[in-house]
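Below: the structure, in structure tokens.
Residue numbers (our numbering): 351 to 866.
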């Protein structure tokens, strides 16, 4: 057999160098392919772990069959003596704990001074005749009186003038124009309670009807539906005014969330519509806009004339607004951070490196808030402290992204940031801008709570009404306005308010001293 060394005897030096170079290139190519395969393998393992967590993770209300042969039988006969002993043992334990806690009591909570006081004078049961009262010991107890339904009966005396020379007479009677909805059997406070219960406390109408029924008042569901519809029609002009005063701001945050809607065209199924939420952080104004889909038609219509800063997440509808000459898109660092948080199980070292740097950005924001810095001072602080950190994040991501598989969790996180890096840096331009979109996400939370209670809207028009009420009540919350008092005040005054002064009824502008 020919020796290996003899195989290259006929090769020249140049040929040997070429052969060595080709072999080196081949080895480098194989190493590169091996690295890619390792990355794909890690990604697939990560995906499997995610699927396992989704399938076998802890689930509440899991059904467990009772066909276990080791399961003990349920005793149907109760030993009253054992019950009495158990109750007595609990009483003794409560007495002991109460005495123990009483020694460490820090004093009673101060009760609000504006509450009405019902004084109840208690005298000793013993005979106190001939004894002198030397003082009083006062104990305050916070109590609650359940809401009561009652009837307002307006009795209007009718008067008639004496007949004139032609025998004509005039009838005089008091007007009912002060009632917001003519011929409606429900009073203003009742309408306010029904709507705030539904859209603030997320109590569906059918549960409210059950509560009325317990008070001995049975109201048809169709009647309550009509009341809500009439109030919605009354508030529609104010809703339009609210839209104008929200969308005309130069800084908006936008997000969207789904809502199930009954559709007559889809029997046995619901339609998935979307609430588009616009938040103006400076006046603290929130506007919900219902649309049947998640396409760009809604925001294009709402933001047709918008100029200024538009802060959004990474949804594909929004980047087109950045192409407009007078619009600056501001991205959300909370969304960017979530991508790296999801990649922790995939590559903890690299993902943690970016998360720690993002935490530095948020520490700077907390410092600005805690020190109550002005807009100009916040802007200066960001340029001094945040800008270097952002540069460090950008440099790290640009280098590491070339070494990472793009479809891996970490690769997706890198790409998310690189594709919108200018937008992630944009919050440095103005001290009024926020580092993330969390404020508008917080405004959407009542919608999520409502979905769990009423499950779906009864129609597309009902979904539009839901959008209107969530707009008003979310704005009330942002401005620390009592929603019930606000709505009652609006219902009592909206008919007497000129269109040019309608904005004075909005939660962000209302004079709270005027509310009852």
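Backbone N, C-alpha and C define an ideal beta-carbon position, used for all residues, glycine too.
Asked: Using beta-carbon positions only, say whether residue 547 and residue 558 come within less than 8 Å of one another.; Found: yes
Asked: Relative to the C-alpha of residue 580, which candidate in 620, 713, 531, 537 has its C-alpha closest?; Found: 531
Asked: Count the C-beta pairs between the segment 521-540 and the segment 831-849 that are closer than 8 Å, then say yes if the count reaches three, no if not.; Found: yes
Asked: Nearest to residue 851 by alpha carbon, out of 692, 591, 832, 370?; Found: 591
Asked: In terms of alpha-carbon separation, which member of 438, 394, 542, 825 lies closest to residue 834?; Found: 542
Asked: Can you tell me which of the three DSSP states residue 610 falls into?; Found: strand
Asked: Tell me the DSSP secondary structure of residue 522 in three-state form.; Found: strand
Asked: Would DSSP call residue 372 helix, strand or coil?; Found: helix
Asked: If you draw a straight line from the C-alpha of residue 439 to the C-alpha of residue 432, how long is it?; Found: 11 Å
Asked: By DSSP's criteria, residue 635 is part of a beta bridge. Which residues make up the other side?; Found: 630
Asked: In the DSSP output, which residue or residues are listed as bridge partners for residue 603?; Found: 629, 661
Asked: Residue 778 and residue 737 look like a contact to me (Cβ under 8 Å); what is the Cβ gap, rounded to whole Å?; Found: 6 Å
Asked: Going by DSSP, which residues form a beta bridge with residue 726?; Found: Its beta-bridge partners do not exist; DSSP assigns none.
Asked: Tell me the DSSP secondary structure of residue 668 in three-state form.; Found: coil
Asked: Can you grab the Cα-Cα spacing for the pair residue 613 / residue 806, in whole Å?; Found: 10 Å
Asked: Could you tell me the alpha carbon to alpha carbon distance between residue 696 and residue 762, rounded to whole angstroms?; Found: 12 Å
Asked: Rounded to whole angstroms, what is the Cα-Cα separation between residue 477 and residue 538?; Found: 52 Å
Asked: So which of 830, 735, 686, 699 has the shortest CA-CA distance to residue 767?; Found: 686
Asked: By DSSP, does residue 825 sit in helix, in strand, or in coil?; Found: helix
Asked: Ends of the beta strand (DSSP E) at residue 678?; Found: 677-680
Asked: Please report the Cβ distance between residue 551 and residue 787, rounded to the nearest whole angstrom; I am assuming they are in contact, meaning their Cβ atoms lie under 8 Å.; Found: No, residue 551 and residue 787 are not in contact; Cβ-Cβ is about 26 Å, not under 8 Å.
Asked: Would you mind reading off the limits of the alpha helix (DSSP H) that contains residue 739?; Found: 737-750
Asked: Going by CA-CA distance only, name the one from 514, 647, 790 that's closest to residue 666.; Found: 647
Asked: Does the Cβ of residue 812 have 16 or more other Cβ atoms within 10 Å, making it buried, or fewer, making it exposed?; Found: buried
Asked: Can you name, in chain order, every residue of its own chain whose Cβ lies under 6 Å from the Cβ of residue 681, other than the five neighbours on each side?; Found: 770, 773, 774
Asked: How about residue 661 and residue 672: are their beta carbons less than 8 Å apart?; Found: no
Asked: So, is residue 800 buried or exposed, given that buried needs 16 or more other C-beta atoms within 10 angstroms?; Found: buried
Asked: Out of curiosity, what's the CA-to-CA distance linking residue 638 and residue 628?; Found: 6 Å
Asked: Based on Cα-Cα distance, which residue from 759, 565, 545 lies nearest to residue 496?; Found: 565
Asked: Name the residue from 472, 381, 589, 691 whose alpha carbon lies nearest to the alpha carbon of residue 759.; Found: 691
Asked: Short of 7 Å in beta carbon distance, which residues of its chain neighbour residue 791, apart from the five on each side in sequence? Order them along the chain.; Found: 605
Asked: What's the gap between the Cα of residue 549 and the Cα of residue 797?; Found: 9 Å
Asked: Three-state secondary structure (DSSP) at residue 544?; Found: helix
Asked: With a 10 Å radius around its C-beta and 16 neighbouring C-beta atoms as the bar for buried, classify residue 623 as buried or exposed.; Found: buried
Asked: Assuming residue 588 contacts residue 855 (C-beta within less than 8 Å), just tell me the rounded distance between them.; Found: 6 Å
Asked: Identify whether residue 785 lies in helix, strand or coil by the three-state DSSP scheme.; Found: coil
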